[in-house]
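Undergrad: My questions all concern the structure below.
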């Protein structure tokens, strides 16, 4: 169950990171002559909407999930090492 929850966080972070790339994609498209201003407004709207997955008003990113995994791994291995040395 723990690995399933971890996988959910990783997938949510991947979606959030993909949302960060959408403005660059839209900015690279051509909508015809005279549409530059409308395209710029659309890109600004997407950037300021800050799409992605949030937990307690904090955007979940792959960097954040990686740090979470690292910290819990250190805690787990320190407890495991302590148990092995006391036996």
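Residue numbers (the working numbering): 0 to 86.
Just so you know, even glycine gets a beta-carbon here, dropped at the ideal spot from N, CA and C.
From residue 67 to residue 47, what distance separates their C-alpha atoms?
TA: Working through the chain shown from its first residue, we reach residue 67 at position 68. Working through the chain shown from its first residue, we reach residue 47 at position 48. Answer to the nearest angstrom: the Cα atoms are 27 Å apart.
Undergrad: With DSSP as the reference, label residue 58 as helix, strand or coil.
TA: In the chain shown, the residue the question calls residue 58 occupies position 59. The answer is strand: DSSP assigns residue 58 an E or B state.
Undergrad: Which first and last residues belong to the alpha helix (DSSP H) in which residue 30 is found?
TA: If you number the chain shown from 1, residue 30 lands on position 31. Residue 30 -> no alpha helix (DSSP H), and no H or E assigned at all.
Undergrad: Please return the same chain residues whose Cβ sits closer than 8 Å to the Cβ of residue 52, not counting the five positions on each side in sequence.
TA: Locating residue 52 in the chain shown gives position 53, where the first residue counts as 1. The residues are 11, 12, 14, 15, 58 and 59.
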